[in-house]
Amino acid sequence: MYEQLISRSKEAWIAWLVLILSLACLMVLSPLKWTTEEGIPITLQSLLVVLIPILVGWKLGTVAVLIYLIAGAMGLPVFAYGTSGWDRFIGSTGGFLLAFPMTALLCGWAAERIQKNRVITGTLTILAGQLLILALGLLWQRSIVPISETVIETLSRLIPGLLVKTAFGGLVIVVFSRLLEQASDRLNKKLV
Numbered sequence: 014m015y016e017q018l019i020s021r022s023k024e025a026w027i028a029w030l031v032l033i034l035s036l037a038c039l040m041v042l043s044p045l046k047w048t049t050e051e052g053i054p055i056t057l058q059s060l061l062v063v064l065i066p067i068l069v070g071w072k073l074g075t076v077a078v079l080i081y082l083i084a085g086a087m088g089l090p091v092f093a094y095g096t097s098g099w100d101r102f103i104g105s106t107g108g109f110l111l112a113f114p115m116t117a118l119l120c121g122w123a124a125e126r127i128q129k130n131r132v133i134t135g136t137l138t139i140l141a142g143q144l145l146i147l148a149l150g151l152l153w154q155r156s157i158v159p160i161s162e163t164v165i166e167t168l169s170r171l172i173p174g175l176l177v178k179t180a181f182g183g184l185v186i187v188v189f190s191r192l193l194e195q196a197s198d199r200l201n202k203k204l205v
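Per the working numbering, the sequence shown starts with residue 14, numbered consecutively.
Right, dumping it as C-alpha cells:
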C-alpha cells in the first residue's frame, strides 16, 4: 500500500528501518493475547502477518515474516502465547505458521496492485488473508489431531475474534493513510 513511498526513497536506510520496525511489531505484539468471556483466545499474530505486507509491500513484508518465523523456530518466544521452537512447525500449529509467508506475499502483492479505496480494499485483504491462514491451519491441524468439534463449530468460535482483528487492522490502515497524507501535504507545502 505504501511501498511506493519506501521504494521512491533513494536512501537505503529507510527500507532497513521499515524492515526493522516491521520485525519489532511482529516479535513484540504477536505473543500478546486476550481472552473473550467465552474463553476464546485472540492473538495479533495472524493480523500482523497480513497487515505488515499490506502496509510496506510484499517484498519487505514477506522478508519480515520469514525472519520472524526463523527467529521463533530458533527459540525466541515470539509466536502466539510466547511459544517458540521447531516443534511448532510439525505440530498442530504448523499449518498456521507455514501459511504465514504465502499469505504475507499474496496480501502484500494484492495491496500493491489494488490502489483504489485503499482502506476498504486493505481491510478486505486483511480479512481474506486471515481466512486463508485459518483455513490452511485448520486443515493441517485436523489432519494431525482428531477433533470432535465440527468445522462449523470451530469457525463460529474463531470468527468473532477474526472480525475484531480485521476491524482493528482497518483502523490502523486509516491512521496510516491520514498520517501519510498529512506528511505528504507538509512536504508539498515546503517544496512550493
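Cβ atoms here follow ideal geometry from the backbone N, Cα and C, with glycine treated the same way.
Here the structure is a predicted model, which means the values were calculated and not measured.
Of the candidates G174, D100, E166 and L111, L111 places its Cα closest to the Cα of V78. For the pair L32 and I157, the Cα-to-Cα distance works out to about 34 Å. Under DSSP, K46 takes part in a beta bridge, and its partners are T56.
Per DSSP, Y94 lies in no alpha helix (DSSP H) and is assigned neither H nor E.
Of the residues assessed, S43 falls on the buried side of the cut-off, its CB having 16 or more other CB atoms within 10 angstroms.
Per the coordinates, the alpha-carbon of T96 lies some 11 Å from the alpha-carbon of A84. T179 carries a helical assignment under DSSP once its states are collapsed to helix, strand and coil.
For V78, the uninterrupted alpha helix (DSSP H) run begins and ends at W71 to A86, by DSSP.
Around the beta-carbon of K178, 16 or more other beta-carbon atoms lie within 10 Å, marking it buried. For V132, the enclosing alpha helix (DSSP H) begins and ends at R131 to I157. In this structure, the straight-line span from the alpha carbon of A28 to that of T163 is close to 44 Å.
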